[in-house]
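Using this note's numbering, the letters of the sequence shown map in sequence onto residues 68 to 571. Backbone N, C-alpha and C fix where the C-beta goes; we use that ideal spot for every residue, glycine too.
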Amino acid sequence: MRSFKEATEKTTNTPYTTWLTIFLAAVSIIRLIYIYDGPLDLSPDEAFYWEYSRRLALSYYEKGPLIAWIISLGTTIFGNTDFGVRVMAVVLSALTSIFMFKSGKRLYDERTGFLSAILLQLVPLFNAQGILMTIDAPYLFLWVLSFYIFLKVTDARDVKAKSGWWAVLGLTVGFGLLAKNSMAFFFISAFLYLLFNKVQRRQLLGPGPYIGLAVSMVVFSPVIIWNASNGWLMFKHEAGHANLSGGLTLNPGMLMNFVGSQLGVITPVLLVMMIISVIKLRKEPQGSLLFWFSAPALVFFLIKSLQGKVQGNWPMTGYITCVIAFCAYYLKEYHLIKGARKYFIGAAVILPAILTVISYYPPMIGLPPRMDPTSKLRGWSPAAREVSTILAVLDDETFIFSDNFQISAEMAFYVKGHPITYCINLGRRMNQYDLWPGPEKYKGKNGIFITIHESLPEPVALAFESCDKKRLKLTERGYKLRYYSIFTCRGYRGSIDQKKPEEF
(Lines of atoms letter the chains of each structure in order from A and count residues from 1; the text may use other names and numbers.)
(Lines give C-alpha, C1' and ligand atoms only; values in the text may rest on other atoms or scores of the structure.)
Protein backbone atom coordinates (compact mmCIF):
# COMPACT_ATOMS: atom_id res chain seq x y z
CA MET A 1 0.00 0.00 0.00
CA ARG A 2 2.84 2.36 0.79
CA SER A 3 4.43 1.96 -2.65
CA PHE A 4 1.03 2.49 -4.30
CA LYS A 5 0.51 5.66 -2.27
CA GLU A 6 3.98 6.92 -3.18
CA ALA A 7 3.33 6.21 -6.86
CA THR A 8 0.02 8.06 -6.68
CA GLU A 9 1.64 11.08 -5.02
CA LYS A 10 4.42 11.12 -7.61
CA THR A 11 1.88 11.01 -10.43
CA THR A 12 0.01 13.92 -8.82
CA ASN A 13 3.11 16.01 -8.13
CA THR A 14 4.98 15.34 -11.37
CA PRO A 15 2.32 14.18 -13.85
CA TYR A 16 4.19 15.05 -17.04
CA THR A 17 7.40 13.33 -15.98
CA THR A 18 5.51 10.26 -14.79
CA TRP A 19 3.35 9.88 -17.89
CA LEU A 20 6.28 10.49 -20.21
CA THR A 21 8.24 7.77 -18.42
CA ILE A 22 5.31 5.35 -18.79
CA PHE A 23 4.84 6.26 -22.45
CA LEU A 24 8.52 5.86 -23.36
CA ALA A 25 8.79 2.60 -21.43
CA ALA A 26 5.76 1.20 -23.26
CA VAL A 27 6.98 2.34 -26.68
CA SER A 28 10.46 0.99 -26.01
CA ILE A 29 9.14 -2.42 -24.94
CA ILE A 30 6.95 -2.62 -28.06
CA ARG A 31 9.94 -1.75 -30.24
CA LEU A 32 12.21 -4.28 -28.56
CA ILE A 33 9.62 -7.03 -29.10
CA TYR A 34 9.12 -5.89 -32.69
CA ILE A 35 12.85 -5.93 -33.40
CA TYR A 36 13.27 -9.33 -31.76
CA ASP A 37 10.39 -11.01 -33.58
CA GLY A 38 9.29 -8.61 -36.32
CA PRO A 39 8.93 -8.89 -40.10
CA LEU A 40 11.78 -6.60 -41.12
CA ASP A 41 15.31 -7.63 -42.03
CA LEU A 42 18.13 -5.16 -41.53
CA SER A 43 18.04 -2.38 -44.07
CA PRO A 44 21.00 -2.36 -46.49
CA ASP A 45 22.46 0.63 -44.64
CA GLU A 46 22.18 -1.14 -41.27
CA ALA A 47 23.89 -4.24 -42.67
CA PHE A 48 26.62 -2.06 -44.17
CA TYR A 49 27.21 -0.26 -40.87
CA TRP A 50 27.37 -3.65 -39.17
CA GLU A 51 30.15 -4.44 -41.65
CA TYR A 52 31.87 -1.29 -40.37
CA SER A 53 31.49 -2.55 -36.81
CA ARG A 54 33.52 -5.69 -37.41
CA ARG A 55 36.30 -3.62 -38.97
CA LEU A 56 36.59 -0.83 -36.40
CA ALA A 57 38.60 2.15 -37.63
CA LEU A 58 39.12 5.87 -37.01
CA SER A 59 36.63 6.61 -39.78
CA TYR A 60 35.20 5.29 -43.04
CA TYR A 61 34.78 6.42 -46.61
CA GLU A 62 31.19 7.59 -46.27
CA LYS A 63 30.61 8.04 -42.55
CA GLY A 64 32.32 8.76 -39.27
CA PRO A 65 33.06 5.96 -36.82
CA LEU A 66 30.33 6.52 -34.19
CA ILE A 67 27.76 4.25 -35.86
CA ALA A 68 30.30 1.39 -35.93
CA TRP A 69 31.19 1.90 -32.26
CA ILE A 70 27.53 1.85 -31.20
CA ILE A 71 26.62 -1.23 -33.23
CA SER A 72 29.73 -2.97 -31.94
CA LEU A 73 28.53 -2.29 -28.39
CA GLY A 74 25.11 -3.79 -29.12
CA THR A 75 26.43 -6.88 -30.89
CA THR A 76 29.07 -7.47 -28.21
CA ILE A 77 26.25 -7.76 -25.66
CA PHE A 78 23.53 -9.41 -27.76
CA GLY A 79 25.47 -11.06 -30.57
CA ASN A 80 25.41 -10.56 -34.34
CA THR A 81 21.64 -10.54 -34.54
CA ASP A 82 19.01 -8.08 -35.71
CA PHE A 83 18.35 -7.34 -32.04
CA GLY A 84 22.05 -6.78 -31.32
CA VAL A 85 22.36 -4.31 -34.19
CA ARG A 86 19.17 -2.39 -33.44
CA VAL A 87 18.81 -2.37 -29.67
CA MET A 88 20.72 0.87 -29.23
CA ALA A 89 18.31 2.65 -31.60
CA VAL A 90 15.54 2.02 -29.07
CA VAL A 91 17.67 3.39 -26.23
CA LEU A 92 18.76 6.46 -28.19
CA SER A 93 15.19 7.26 -29.27
CA ALA A 94 13.96 7.21 -25.67
CA LEU A 95 16.85 9.43 -24.58
CA THR A 96 16.09 11.81 -27.45
CA SER A 97 12.53 12.29 -26.18
CA ILE A 98 13.79 12.83 -22.63
CA PHE A 99 16.01 15.72 -23.72
CA MET A 100 13.25 16.98 -26.00
CA PHE A 101 11.09 17.18 -22.86
CA LYS A 102 13.84 19.00 -20.98
CA SER A 103 14.32 21.45 -23.87
CA GLY A 104 10.62 22.27 -24.23
CA LYS A 105 10.30 22.61 -20.46
CA ARG A 106 13.29 24.96 -20.24
CA LEU A 107 12.03 27.11 -23.13
CA TYR A 108 8.34 27.21 -22.15
CA ASP A 109 6.92 24.84 -19.53
CA GLU A 110 6.46 21.17 -18.65
CA ARG A 111 3.35 20.80 -20.78
CA THR A 112 5.15 22.00 -23.91
CA GLY A 113 8.10 19.75 -23.17
CA PHE A 114 5.83 16.76 -22.59
CA LEU A 115 3.86 17.30 -25.80
CA SER A 116 7.07 17.79 -27.79
CA ALA A 117 8.57 14.56 -26.47
CA ILE A 118 5.40 12.60 -27.29
CA LEU A 119 4.90 14.12 -30.74
CA LEU A 120 8.49 13.32 -31.67
CA GLN A 121 7.67 9.62 -31.27
CA LEU A 122 4.52 9.89 -33.41
CA VAL A 123 6.02 11.47 -36.53
CA PRO A 124 6.99 8.79 -39.09
CA LEU A 125 10.37 10.38 -39.80
CA PHE A 126 11.43 10.27 -36.16
CA ASN A 127 9.68 7.02 -35.26
CA ALA A 128 11.85 5.16 -37.78
CA GLN A 129 14.96 6.21 -35.86
CA GLY A 130 13.63 4.30 -32.84
CA ILE A 131 13.82 1.02 -34.75
CA LEU A 132 16.50 1.32 -37.42
CA MET A 133 20.13 1.57 -36.32
CA THR A 134 21.36 4.00 -38.96
CA ILE A 135 23.50 7.09 -38.44
CA ASP A 136 20.35 9.14 -37.89
CA ALA A 137 19.61 7.52 -34.51
CA PRO A 138 22.74 8.82 -32.72
CA TYR A 139 22.77 11.98 -34.86
CA LEU A 140 19.24 12.90 -33.79
CA PHE A 141 19.98 12.18 -30.12
CA LEU A 142 23.19 14.21 -30.11
CA TRP A 143 21.49 17.12 -31.86
CA VAL A 144 18.71 17.28 -29.25
CA LEU A 145 21.18 16.81 -26.40
CA SER A 146 23.41 19.57 -27.81
CA PHE A 147 20.40 21.84 -28.23
CA TYR A 148 19.49 21.35 -24.56
CA ILE A 149 23.07 22.14 -23.49
CA PHE A 150 23.03 25.22 -25.74
CA LEU A 151 19.94 26.39 -23.85
CA LYS A 152 21.95 26.15 -20.63
CA VAL A 153 24.94 28.12 -21.94
CA THR A 154 22.71 30.88 -23.24
CA ASP A 155 20.57 31.05 -20.08
CA ALA A 156 21.33 33.93 -17.72
CA ARG A 157 20.47 31.67 -14.78
CA ASP A 158 23.57 29.55 -15.43
CA VAL A 159 26.23 32.26 -15.72
CA LYS A 160 28.62 30.56 -13.27
CA ALA A 161 28.56 27.26 -15.14
CA LYS A 162 28.89 28.65 -18.67
CA SER A 163 32.57 27.95 -19.36
CA GLY A 164 32.24 24.33 -18.36
CA TRP A 165 29.02 23.87 -20.30
CA TRP A 166 30.56 25.33 -23.47
CA ALA A 167 33.17 22.57 -23.27
CA VAL A 168 30.43 19.96 -22.74
CA LEU A 169 28.58 21.38 -25.73
CA GLY A 170 31.72 21.03 -27.82
CA LEU A 171 31.95 17.41 -26.71
CA THR A 172 28.38 16.51 -27.74
CA VAL A 173 28.58 18.40 -31.04
CA GLY A 174 31.91 16.69 -31.76
CA PHE A 175 30.34 13.27 -31.23
CA GLY A 176 27.47 14.40 -33.44
CA LEU A 177 30.01 15.09 -36.18
CA LEU A 178 31.37 11.57 -35.70
CA ALA A 179 27.83 10.38 -36.46
CA LYS A 180 26.99 12.61 -39.42
CA ASN A 181 28.67 15.55 -41.12
CA SER A 182 25.35 17.42 -41.19
CA MET A 183 25.92 18.13 -37.49
CA ALA A 184 27.89 21.10 -38.83
CA PHE A 185 24.52 22.85 -39.19
CA PHE A 186 24.56 23.14 -35.40
CA PHE A 187 27.52 25.54 -35.68
CA ILE A 188 25.65 27.59 -38.28
CA SER A 189 22.41 27.73 -36.31
CA ALA A 190 24.13 28.61 -33.04
CA PHE A 191 26.22 31.33 -34.68
CA LEU A 192 23.26 32.93 -36.46
CA TYR A 193 21.18 32.91 -33.28
CA LEU A 194 23.96 34.56 -31.26
CA LEU A 195 24.67 37.04 -34.04
CA PHE A 196 21.09 38.24 -34.52
CA ASN A 197 20.08 38.25 -30.85
CA LYS A 198 21.04 41.53 -29.21
CA VAL A 199 21.16 40.04 -25.73
CA GLN A 200 23.19 36.98 -26.70
CA ARG A 201 25.52 38.68 -29.19
CA ARG A 202 28.06 39.44 -26.50
CA GLN A 203 28.68 35.70 -26.17
CA LEU A 204 30.62 35.90 -29.43
CA LEU A 205 33.10 38.24 -27.75
CA GLY A 206 33.82 35.79 -24.94
CA PRO A 207 35.82 32.55 -24.96
CA GLY A 208 32.85 30.18 -24.54
CA PRO A 209 31.87 29.51 -28.17
CA TYR A 210 35.49 29.10 -29.20
CA ILE A 211 36.17 26.67 -26.35
CA GLY A 212 33.20 24.64 -27.59
CA LEU A 213 34.42 24.79 -31.18
CA ALA A 214 37.93 23.69 -30.20
CA VAL A 215 36.64 20.75 -28.16
CA SER A 216 34.36 19.62 -30.98
CA MET A 217 37.28 19.65 -33.42
CA VAL A 218 39.38 17.55 -31.05
CA VAL A 219 36.57 15.00 -30.80
CA PHE A 220 36.17 15.06 -34.60
CA SER A 221 39.92 14.60 -35.15
CA PRO A 222 39.74 10.81 -35.86
CA VAL A 223 37.83 11.60 -39.04
CA ILE A 224 40.35 14.25 -40.03
CA ILE A 225 43.30 11.94 -39.34
CA TRP A 226 41.73 9.10 -41.35
CA ASN A 227 40.95 11.38 -44.28
CA ALA A 228 44.43 12.89 -44.29
CA SER A 229 45.76 9.35 -44.64
CA ASN A 230 43.25 8.34 -47.33
CA GLY A 231 43.23 11.19 -49.82
CA TRP A 232 40.36 13.08 -48.14
CA LEU A 233 37.91 10.53 -49.54
CA MET A 234 35.00 11.43 -47.27
CA PHE A 235 35.13 15.04 -48.40
CA LYS A 236 35.27 13.93 -52.04
CA HIS A 237 32.23 11.80 -51.32
CA GLU A 238 30.37 14.75 -49.80
CA ALA A 239 31.32 16.87 -52.82
CA GLY A 240 29.92 14.12 -55.02
CA HIS A 241 26.65 14.22 -53.04
CA ALA A 242 26.57 17.98 -53.53
CA ASN A 243 27.12 17.50 -57.27
CA LEU A 244 29.76 20.22 -57.28
CA SER A 245 31.36 18.84 -60.43
CA GLY A 246 28.10 19.27 -62.29
CA GLY A 247 28.11 23.03 -61.80
CA LEU A 248 25.00 25.11 -61.13
CA THR A 249 21.89 23.41 -62.49
CA LEU A 250 18.21 23.88 -61.76
CA ASN A 251 15.87 20.90 -61.64
CA PRO A 252 12.30 21.79 -60.58
CA GLY A 253 11.37 18.10 -60.73
CA MET A 254 13.85 17.30 -57.96
CA LEU A 255 12.40 20.16 -55.90
CA MET A 256 8.93 18.69 -56.22
CA ASN A 257 10.25 15.25 -55.25
CA PHE A 258 11.86 16.74 -52.16
CA VAL A 259 8.71 18.60 -51.10
CA GLY A 260 6.70 15.41 -51.68
CA SER A 261 9.08 13.40 -49.54
CA GLN A 262 8.77 15.90 -46.69
CA LEU A 263 4.99 15.77 -46.88
CA GLY A 264 5.29 12.01 -46.64
CA VAL A 265 7.71 11.67 -43.73
CA ILE A 266 6.15 14.48 -41.65
CA THR A 267 2.55 14.40 -43.02
CA PRO A 268 1.02 17.42 -44.81
CA VAL A 269 -1.06 19.13 -42.10
CA LEU A 270 1.61 18.81 -39.44
CA LEU A 271 4.38 19.99 -41.79
CA VAL A 272 2.47 23.15 -42.74
CA MET A 273 1.54 23.91 -39.14
CA MET A 274 5.09 23.36 -37.88
CA ILE A 275 6.46 25.80 -40.44
CA ILE A 276 3.75 28.34 -39.59
CA SER A 277 4.39 28.05 -35.87
CA VAL A 278 8.17 28.50 -36.09
CA ILE A 279 7.65 31.59 -38.28
CA LYS A 280 4.93 33.03 -36.03
CA LEU A 281 7.08 32.65 -32.91
CA ARG A 282 10.34 33.92 -34.41
CA LYS A 283 10.01 37.44 -32.93
CA GLU A 284 9.75 36.13 -29.37
CA PRO A 285 12.97 35.35 -27.44
CA GLN A 286 12.33 31.59 -27.35
CA GLY A 287 10.86 31.60 -30.83
CA SER A 288 13.98 33.26 -32.23
CA LEU A 289 16.05 30.38 -30.93
CA LEU A 290 13.65 27.84 -32.44
CA PHE A 291 13.68 29.66 -35.77
CA TRP A 292 17.46 29.77 -36.13
CA PHE A 293 17.76 26.09 -35.26
CA SER A 294 15.25 25.24 -37.98
CA ALA A 295 15.70 27.64 -40.88
CA PRO A 296 19.33 27.04 -41.97
CA ALA A 297 19.00 23.29 -42.56
CA LEU A 298 15.51 23.47 -44.05
CA VAL A 299 16.33 26.33 -46.41
CA PHE A 300 19.65 24.76 -47.43
CA PHE A 301 18.13 21.42 -48.40
CA LEU A 302 15.19 23.10 -50.11
CA ILE A 303 17.61 25.04 -52.32
CA LYS A 304 19.87 22.00 -52.71
CA SER A 305 16.93 20.00 -54.06
CA LEU A 306 16.86 22.33 -57.06
CA GLN A 307 20.29 21.03 -58.06
CA GLY A 308 20.07 17.34 -57.24
CA LYS A 309 18.35 14.61 -55.26
CA VAL A 310 17.89 15.20 -51.53
CA GLN A 311 16.90 12.24 -49.38
CA GLY A 312 13.80 12.74 -47.25
CA ASN A 313 15.68 12.33 -43.96
CA TRP A 314 18.52 14.77 -44.66
CA PRO A 315 16.87 17.91 -43.18
CA MET A 316 15.47 16.01 -40.18
CA THR A 317 17.16 18.02 -37.42
CA GLY A 318 15.68 21.20 -38.86
CA TYR A 319 12.28 19.88 -37.75
CA ILE A 320 13.27 19.29 -34.12
CA THR A 321 12.64 22.86 -33.04
CA CYS A 322 9.63 23.02 -35.37
CA VAL A 323 8.07 20.29 -33.21
CA ILE A 324 8.63 22.38 -30.09
CA ALA A 325 7.25 25.47 -31.86
CA PHE A 326 4.13 23.57 -32.94
CA CYS A 327 3.51 22.34 -29.41
CA ALA A 328 4.05 25.81 -27.93
CA TYR A 329 1.92 27.61 -30.53
CA TYR A 330 -0.90 25.15 -31.24
CA LEU A 331 -1.05 22.42 -28.59
CA LYS A 332 -0.26 24.23 -25.35
CA GLU A 333 -3.71 25.85 -25.21
CA TYR A 334 -5.48 23.27 -27.38
CA HIS A 335 -8.29 22.83 -24.84
CA LEU A 336 -9.23 26.50 -25.28
CA ILE A 337 -9.36 26.40 -29.09
CA LYS A 338 -12.72 26.08 -30.82
CA GLY A 339 -14.03 25.63 -34.35
CA ALA A 340 -12.38 24.23 -37.46
CA ARG A 341 -8.91 25.19 -36.25
CA LYS A 342 -9.21 22.65 -33.47
CA TYR A 343 -9.96 19.87 -35.97
CA PHE A 344 -6.97 20.82 -38.12
CA ILE A 345 -4.68 20.70 -35.11
CA GLY A 346 -6.13 17.35 -34.12
CA ALA A 347 -5.57 16.03 -37.65
CA ALA A 348 -1.98 17.27 -37.53
CA VAL A 349 -1.33 14.93 -34.57
CA ILE A 350 -3.60 11.99 -35.40
CA LEU A 351 -2.53 11.46 -39.02
CA PRO A 352 1.20 10.93 -38.30
CA ALA A 353 0.25 8.68 -35.38
CA ILE A 354 -1.87 6.50 -37.68
CA LEU A 355 0.87 6.31 -40.32
CA THR A 356 3.41 5.40 -37.64
CA VAL A 357 1.25 2.52 -36.44
CA ILE A 358 0.70 1.30 -40.01
CA SER A 359 4.44 1.48 -40.71
CA TYR A 360 5.00 -1.43 -38.33
CA TYR A 361 2.87 -3.73 -40.50
CA PRO A 362 2.19 -2.09 -43.92
CA PRO A 363 0.67 -5.29 -45.40
CA MET A 364 -2.35 -4.68 -43.13
CA ILE A 365 -3.60 -2.11 -45.67
CA GLY A 366 -2.62 -4.22 -48.69
CA LEU A 367 0.07 -1.97 -50.15
CA PRO A 368 2.05 -3.57 -53.00
CA PRO A 369 5.84 -3.63 -52.39
CA ARG A 370 6.50 -0.89 -54.94
CA MET A 371 4.39 1.51 -52.82
CA ASP A 372 5.67 0.25 -49.48
CA PRO A 373 8.95 1.84 -48.28
CA THR A 374 9.50 -1.01 -45.81
CA SER A 375 9.64 -3.56 -48.66
CA LYS A 376 13.32 -2.65 -48.93
CA LEU A 377 13.74 -4.27 -45.51
CA ARG A 378 12.23 -7.61 -46.52
CA GLY A 379 13.53 -10.43 -48.67
CA TRP A 380 17.20 -10.35 -47.68
CA SER A 381 17.24 -13.26 -45.24
CA PRO A 382 15.39 -15.62 -47.65
CA ALA A 383 17.98 -14.86 -50.33
CA ALA A 384 20.75 -15.47 -47.80
CA ARG A 385 19.21 -18.82 -46.87
CA GLU A 386 19.36 -19.83 -50.52
CA VAL A 387 23.01 -18.81 -50.70
CA SER A 388 23.69 -20.71 -47.47
CA THR A 389 22.18 -23.85 -49.03
CA ILE A 390 24.42 -23.55 -52.08
CA LEU A 391 27.43 -22.78 -49.91
CA ALA A 392 26.87 -25.93 -47.85
CA VAL A 393 27.66 -28.22 -50.81
CA LEU A 394 30.79 -26.33 -51.84
CA ASP A 395 34.18 -26.27 -50.14
CA ASP A 396 34.85 -24.14 -47.08
CA GLU A 397 36.93 -21.59 -49.00
CA THR A 398 34.15 -20.52 -51.34
CA PHE A 399 33.76 -16.75 -51.30
CA ILE A 400 30.64 -14.60 -51.77
CA PHE A 401 30.60 -11.39 -53.77
CA SER A 402 28.30 -8.99 -55.59
CA ASP A 403 28.40 -5.87 -57.72
CA ASN A 404 26.13 -4.13 -55.24
CA PHE A 405 27.21 -3.12 -51.74
CA GLN A 406 23.70 -3.60 -50.34
CA ILE A 407 23.67 -7.24 -51.41
CA SER A 408 27.24 -7.82 -50.19
CA ALA A 409 26.40 -6.40 -46.76
CA GLU A 410 23.11 -8.26 -46.40
CA MET A 411 24.73 -11.56 -47.40
CA ALA A 412 27.55 -10.95 -44.91
CA PHE A 413 24.99 -10.58 -42.14
CA TYR A 414 22.41 -13.23 -43.06
CA VAL A 415 24.42 -16.04 -44.69
CA LYS A 416 25.17 -18.73 -42.13
CA GLY A 417 28.42 -18.03 -40.28
CA HIS A 418 28.57 -14.30 -41.22
CA PRO A 419 31.24 -14.78 -43.94
CA ILE A 420 33.47 -11.99 -45.23
CA THR A 421 31.91 -10.82 -48.49
CA TYR A 422 33.17 -8.64 -51.31
CA CYS A 423 31.76 -5.99 -53.63
CA ILE A 424 33.38 -5.65 -57.05
CA ASN A 425 33.28 -2.43 -59.04
CA LEU A 426 31.83 -2.83 -62.53
CA GLY A 427 31.04 0.86 -62.94
CA ARG A 428 29.50 2.24 -59.77
CA ARG A 429 30.12 4.97 -57.24
CA MET A 430 32.95 4.26 -54.81
CA ASN A 431 32.13 2.73 -51.43
CA GLN A 432 33.92 1.37 -48.37
CA TYR A 433 34.29 -2.12 -49.88
CA ASP A 434 36.78 -0.65 -52.34
CA LEU A 435 39.08 0.15 -49.42
CA TRP A 436 38.91 -3.29 -47.88
CA PRO A 437 40.91 -6.29 -49.24
CA GLY A 438 39.44 -8.03 -52.29
CA PRO A 439 39.07 -11.78 -53.00
CA GLU A 440 42.47 -12.23 -54.69
CA LYS A 441 43.56 -14.82 -52.12
CA TYR A 442 40.90 -17.25 -53.36
CA LYS A 443 42.66 -18.10 -56.62
CA GLY A 444 41.64 -21.58 -57.76
CA LYS A 445 38.61 -21.62 -55.44
CA ASN A 446 34.88 -21.28 -56.03
CA GLY A 447 32.74 -18.17 -55.71
CA ILE A 448 29.05 -17.29 -55.40
CA PHE A 449 28.07 -14.13 -57.24
CA ILE A 450 24.73 -12.51 -56.38
CA THR A 451 23.19 -9.72 -58.43
CA ILE A 452 19.80 -8.20 -59.19
CA HIS A 453 20.64 -8.32 -62.90
CA GLU A 454 19.63 -11.31 -65.02
CA SER A 455 22.84 -11.87 -66.97
CA LEU A 456 26.36 -12.61 -65.75
CA PRO A 457 28.70 -9.62 -66.26
CA GLU A 458 31.52 -10.40 -68.69
CA PRO A 459 34.34 -9.53 -66.22
CA VAL A 460 32.93 -12.10 -63.78
CA ALA A 461 32.50 -14.76 -66.48
CA LEU A 462 36.11 -14.26 -67.62
CA ALA A 463 37.39 -14.53 -64.04
CA PHE A 464 36.12 -18.14 -63.61
CA GLU A 465 36.34 -21.39 -65.53
CA SER A 466 32.56 -21.88 -65.39
CA CYS A 467 29.43 -20.41 -63.81
CA ASP A 468 25.95 -21.91 -63.25
CA LYS A 469 22.93 -19.67 -62.78
CA LYS A 470 19.93 -19.87 -60.52
CA ARG A 471 17.18 -17.27 -60.72
CA LEU A 472 15.49 -16.56 -57.39
CA LYS A 473 12.12 -14.82 -57.31
CA LEU A 474 10.80 -13.59 -53.98
CA THR A 475 7.12 -12.75 -53.76
CA GLU A 476 4.84 -11.32 -51.09
CA ARG A 477 1.08 -11.74 -51.13
CA GLY A 478 1.32 -12.46 -54.85
CA TYR A 479 3.42 -9.36 -55.60
CA LYS A 480 7.00 -9.49 -56.81
CA LEU A 481 9.30 -8.38 -54.03
CA ARG A 482 12.72 -8.85 -55.61
CA TYR A 483 14.63 -10.94 -58.16
CA TYR A 484 18.14 -12.26 -57.61
CA SER A 485 20.47 -14.06 -59.96
CA ILE A 486 22.76 -16.41 -58.03
CA PHE A 487 25.76 -17.71 -59.96
CA THR A 488 27.83 -20.61 -58.66
CA CYS A 489 31.25 -20.03 -60.20
CA ARG A 490 34.16 -22.51 -60.21
CA GLY A 491 37.87 -22.10 -60.72
CA TYR A 492 38.62 -18.48 -59.80
CA ARG A 493 41.51 -17.19 -61.93
CA GLY A 494 42.70 -14.80 -59.20
CA SER A 495 41.45 -11.42 -60.39
CA ILE A 496 38.41 -9.66 -61.83
CA ASP A 497 38.76 -6.83 -64.33
CA GLN A 498 37.24 -4.04 -62.26
CA LYS A 499 36.74 -0.37 -63.04
CA LYS A 500 38.24 2.46 -61.07
CA PRO A 501 35.56 4.59 -59.39
CA GLU A 502 34.64 7.56 -61.54
CA GLU A 503 32.29 9.02 -58.95
CA PHE A 504 32.64 9.53 -55.22
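Need the endpoints of the alpha helix (DSSP H) that residue i sits in, please.
i    : result
K405 : Taken as a continuous stretch (DSSP letters only), K405 belongs to no alpha helix (DSSP H), as it is neither H nor E.
E177 : 177-189
I370 : 362-371
C394 : Looking at the DSSP string, C394 is not in any alpha helix (DSSP H), and its letter there is neither H nor E.
V158 : 149-174
V345 : 335-347
P352 : 352-359
L444 : Careful: L444 lies outside any alpha helix (DSSP H) and carries neither H nor E.
W136 : 133-145
For residue i, count neighbouring Cβ atoms within 10 angstroms of its own Cβ and tell me buried if that reaches 16, exposed if not.
i    : result
Y206 : buried
Q353 : buried
V366 : exposed
V266 : exposed
D576 : This structure does not reach residue 576, given that the chain is present from 68 up to 571, and the question cannot be answered.
H520 : exposed
V460 : exposed
T456 : exposed
V94  : buried
K350 : exposed
T423 : buried
D470 : buried
A156 : buried
A362 : buried
S15  : No statement about residue 15 is possible, as the shown extent of the chain runs from 68 to 571 and does not include it.
T81  : exposed
If you reduce the DSSP assignment to three classes, tell me which class residue i lands in.
i    : result
F554 : strand
I491 : coil
R549 : strand
G320 : helix
G514 : strand
Y127 : coil
E570 : coil
F71  : In this predicted model, F71 has a pLDDT of only 47, less than 50, meaning its place in the structure is not dependable enough to derive any value.
Quick one: residues in its chain with C-beta nearer than 8 Å to the C-beta of residue i, no 5 flanking neighbours on either side, listed in chain order?
i    : result
S249 : Y206, A364, W381, T384
S170 : G180, S183, V211, F214, Y215, L218, I391
S164 : L87, L91, A184, I185, L187, Q188
L548 : P436, S442, R445, G446, L541, T542
C534 : F516, L523, V527, A528, F554, T555, C556, R557
I425 : M431, I432
V226 : Summary for V226: the model assigns pLDDT 49, below 50, so the residue's position carries little reliability, and this model does not support an answer.
K399 : Y175, D176, R178, T179, L182
F571 : L300, K303, H304, A306, G307, R496, M497
Would you kindly report the start and end of the unbroken beta strand (DSSP E) that includes residue i?
i   : result
R53 : Summary: the structure shown does not reach residue 53, with the chain confined to residues 68 through 571, and so no result is reported for it.
Leaving aside the five residues before and after residue i along the sequence, list all residues of the same chain whose C-beta is less than 6 Å from its C-beta, in chain order.
i    : result
K540 : Y550
K567 : none
S283 : G237, V240, G241
V326 : none
G379 : S328, V332
T148 : none
S120 : A135, I138, S139
Using a Cβ-Cβ cutoff of less than 7 Å, which residues in the same chain neighbour residue i once the five nearest sequence positions on both sides are dropped?
i    : result
A246 : G131, L133, I134, I202, P205, Y206, L209
V152 : L109, E113, W117, I138, G141, T142, M200
C394 : G171, T179, L182, S183, L186
Y427 : Y101
K371 : V377
A257 : F217
V345 : L357, F358, S361, T388, C389, A392
L159 : A204, P205, F208
Verify the CB distance criterion: does residue i have a CB-CB separation below 9 Å to chain C?
i    : result
W359 : The chain inventory of the structure shown lacks chain C, comprising one protein chain alone.
So within the segment 206-279, which uninterrupted alpha helix (DSSP H) runs reach at least 4 residues, ignoring any that extend past its ends? With a minimum length of 4 residues, the continuous alpha helix (DSSP H) runs that stay inside the segment 206-279 are 229-246, 251-263.
Quick check on the DSSP output: what are the complete alpha helix (DSSP H) runs of length 4 or more inside the segment 407-437, in order along the chain? 407-427
If we require 3 or more residues per run, which beta strand (DSSP E) segments fall completely within the segment 459-505? 466-469, 488-490
Which runs of the alpha helix (DSSP H) spanning at least 4 residues fall entirely within the segment 86-128, listed in chain order? Considered as a whole, the segment 86-128 harbours 111-120 as its complete alpha helix (DSSP H) runs of no fewer than 4 residues, in chain order.
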